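Reading the sequence shown from the start, the letters are residues 0 to 210 in numbering that gives the first Met the number 0. Built from N, CA and C at the ideal position, the CB exists for glycine as well. Quantities reported herein were computed from a predicted structural model and do not represent experimental measurements. Report on one structure; see the data block that follows.
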Amino acid sequence: MLPSALYAICDADVCARAGWTLTDFAFACLDGGARLLQIRAKEASGGWLLDQTIAIVQRAEPCGALVIVNDRADIARAAQAGGVHVGQEDLDPRSVRSIVGDTAVIGLSTHTLEQSRSAVTEPVSYIAIGPIFGTSTKATGHQPIGLDAVGRTSAIAASKHLPVVAIGGITLDRTRSVIDAGAQSVAVISDLLATGDPRARVKEFLKVLQQ
0 MLPSALYAIC DADVCARAGW TLTDFAFACL DGGARLLQIR AKEASGGWLL
50 DQTIAIVQRA EPCGALVIVN DRADIARAAQ AGGVHVGQED LDPRSVRSIV
100 GDTAVIGLST HTLEQSRSAV TEPVSYIAIG PIFGTSTKAT GHQPIGLDAV
150 GRTSAIAASK HLPVVAIGGI TLDRTRSVID AGAQSVAVIS DLLATGDPRA
200 RVKEFLKVLQ Q
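Right, dumping it as structure tokens:
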């Protein structure tokens, strides 16, 4: 199981556009109560990303928070992060597992039911499905798949007792409907920065998720 129903995505580019550094945003999320974070910096150098990840992992450890690195299994292992998240075109989960070990958390993005069925045969810890709603945060090349896909994916994942993370266009007012559709966790990016106070926004999300 995942440690939280809120999956905070700390994207370096999104943070920069909102006037935040990656670490300051991640620290604010942790201060707000976030206990599941993904570090994403697609265009960053390995050295920079390693330094940022180490700092966030060290800050997260006393909180018992899980830090997952997007795509970069090498960075996750070097920074002693808790896991790695990969997409359909990234390193495959079996190869990631060989790098980070048996106890690390590995997540895999899926965009169709066929991909979700394939995902449950891989050595993954959770399946992400999306985009659920339209989003301008990331050009995925995929059309919104809606809440119905969340329920269908959850049924597929249940065969292997895997949690499902829903992602894509999830805002505070949509959060409850996504959980009710069958997701165990909601991945949120832009809406955590929407008010200029990520710490308070995380608290708002957690309050809704605990209802």
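- With a contact defined as Cβ atoms closer than 8 Å, cysteine 62 and arginine 34 qualify at about 7 Å.
- Cα atoms of alanine 15 and threonine 109: separation of roughly 27 Å, rounded to the nearest angstrom.
- Under the three-state reduction of DSSP, leucine 191 is assigned to helix.
- Taking the Cα of aspartate 73 as reference, the smallest distance to any Cα among Gln57, Glu88, Leu49 and Val56 is reached at Leu49.
- Look at aspartate 30 here: in three-state DSSP terms it is helix.
- The beta carbon of proline 92 sits closer than 7 Å to those of Val85, Ile105, Leu107, Glu121, Pro122 and Val123, all from its chain and outside the five residues before and after it, given in chain order.
- Non-local beta-carbon contacts of aspartate 30 in its own chain, meaning distances under 7 Å to residues more than five positions away in sequence, involve Arg198 in chain order.
- Short of 6 Å from the beta carbon of alanine 182, and not among the five residues preceding or following it, lie these beta carbons of its own chain, in chain order: Val149, Val163 and Ala165.
- In this chain, the beta strand (DSSP E) harbouring cysteine 9 covers 5-10.
- The beta carbon of leucine 208 is closer than 7 Å to those of Ala4, Leu5, Thr174 and Ile178 in its chain, skipping five residues each way along the sequence.
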